[in-house]
Amino acid sequence: MSTVFLFPGQGAQYPGMARDLYEGSDEVKNLFSTASGVLNKDMAGLLFDGSEEDLKSTDNTQAAVTLANISASAVLKEKGVTPAAVMGFSVGEYAALHEAGVLDTETLFRVVQIRGEVMEKGARKADTAAGPSAMSAVLGLPFEEARDVVSPMAGQGVFIANHSSPTQIVIAGTSQGLDAAEAALNDAGAMKVVRLKVSGPFHSPLLEDARTEFEERIGEFTFHDPRLPLISNVSATPIENGEQARKRAGEQIVSMVRWVDSEQYLLDKGFITGGEHDLVIEAGPGKVLCGLWKSFYKGLRGKPAGTLEAIEKILQG
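Residues in the sequence shown are numbered consecutively from 1, following the numbering used here.
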C-alpha cells in the first residue's frame, strides 16, 4: 500500500473550511494558535467567519489555505493515515514542506506571509495602464500545441504558469499580452479560455523582483532536509536537501508549476501503481486536485480529505 498526499493551492479556499477539523482535534487547535500568533491575526475567525472576499485577499489566502491543508494532514495522521510521498500545487507546496519536516510550523507561516507580501508587490509592478496583470485558464488544447502558441509570445509578457492536466494550462502575463494570447489560443482550437480572478501573473518571470526579495528575506530561516519524498513544482523530482528546498521556493515564484510531470513521476517511481490499496489523498479544502488527477490517470480515483466526513469515508474504504 502506498499513500500520497496532495495539497491544494490558492482558489481552494471557502468560508468555514477546516471548522470540523478544528473542533475535533487538539493538534489542529494548536496549529491555529501558532499561525494566529505568527501572523498576528485571528485565523479561526478568518477561516470560519470570514467572507469570501476576506479569504480572497492575497495577504489572507495563502496563509488560510496553508493552515487548512496542514490541519487536514494532522487529522489524517491522527487517524493512522500517513503519506509515502507529498506534493502541493503552488502555495500548497508549503504544506508539503511542513509535512516533510522541511519547515516547522512557526517558520512555515513566517515564510508564507513573506511570500504573499512579495508576490502582491511584484504583481502590482507588472500592472500597466491597459489593465492589471493576471492569469487565464486554457482548456481543451494539448500542452504541446498550447506551448507552441505561447512560447513565442514571451516578448509580449505572456508565459505558461501551470501545466495542470494533459489538456489544461494556465497562462500568466500583462493585460495586453493576455489579450493577444487568448485570441491566439482560441484560433489554435482551445475549447475554452477564461480570465481568472487572481491578482497577478504568478509563476512567471514577471515576478523576478518578487523572487529576489523573497530569497533575501527567507535567508534567516532554517530549511531542514526532507524526511520523505517531496516532489517539487519546479523540477517534478524530489527535493534532495534543505538548501535545495530553499532554492526551489524562490524559483517556484517565477517558474511553471509542472503538475502533470509531477504526477507522472509518482507513477514512474512506483509510488502509485493502481493497486487496490494505493491512496491519492487531497489533504485540504475542495477537490480540484482530485479532478486533475482523474484527468491524468484513470486507474485510481483521488480522494478529498478537507472535512472530517471525507476523512471518515477514506477510513471506511
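Glycine included, each C-beta is placed from N, C-alpha and C at the ideal position. Since the model is a prediction, treat every value here as computed from it, not as a measurement.
Next on the checklist: Under DSSP, the beta strand (DSSP E) around SER164 begins and ends at which residues?
Outcome noted: 158-165
Checklist entry - Taking the beta strand (DSSP E) that LYS56 falls in, what are its first and last residues? => result Here LYS56 belongs to no beta strand (DSSP E); instead the alpha helix (DSSP H) covers 52-56.
Checklist entry - So what does DSSP say about VAL102, is it helix, strand or coil? => result Coil at VAL102, not helix or strand.
Next on the checklist: Using a Cβ-Cβ cutoff of less than 6 Å, which residues in the same chain neighbour PRO229 once the five nearest sequence positions on both sides are dropped?
Outcome noted: ALA85, PRO238
Checklist entry - With a Cβ-Cβ cutoff of 8 Å, do SER295 and PRO166 count as a contact? => result yes
Checklist entry - Taking TYR14 as the reference, which of VAL194, ILE281, GLY50 has the closest Cα? => result GLY50
Item to check | Neighbourhood of LYS56 by C-beta, 8 Å cutoff - its chain only, sequence neighbours within 5 removed | outcome: Cβ neighbours of LYS56 beyond the five flanking positions: GLN13, LYS197.
Checklist entry - How is the alpha helix (DSSP H) around SER262 delimited, first residue to last? => result 259-268
Next on the checklist: Taking 8 Å as the limit between beta carbons, can you name the residues of its chain near ALA190, skipping five residues before and five after?
Outcome noted: Residues of the same chain with a CB within less than 8 Å of the CB of ALA190, apart from the 5 flanking positions on each side, are VAL138, LEU139, GLY140, LEU141, ALA146 in chain order.
Next on the checklist: I'd like to check one pair, VAL111 with ALA63: are the Cβ atoms closer than 8 Å?
Outcome noted: no
Next on the checklist: I need the straight-line Cα distance from ASP209 to LYS313, nearest angstrom please.
Outcome noted: One Cα belongs to ASP209, the other to LYS313, and the distance between them is close to 45 Å.
Checklist entry - Quick one: Cα of ILE311 to Cα of LEU206, how far? => result 39 Å
Checklist entry - Just reading off the alpha helix (DSSP H) that GLN316 is part of, what are its end residues? => result First-last of the alpha helix (DSSP H) with GLN316: 308-316.
Next on the checklist: I believe TYR94 touches THR66 by the beta-carbon criterion, under 8 Å. Please report the beta-carbon distance rounded to the nearest angstrom.
Outcome noted: So it is a contact: roughly 5 Å between Cβ atoms.
Next on the checklist: Considering only their Cβ atoms, is the gap separating ALA172 from SER204 smaller than 8 Å?
Outcome noted: yes
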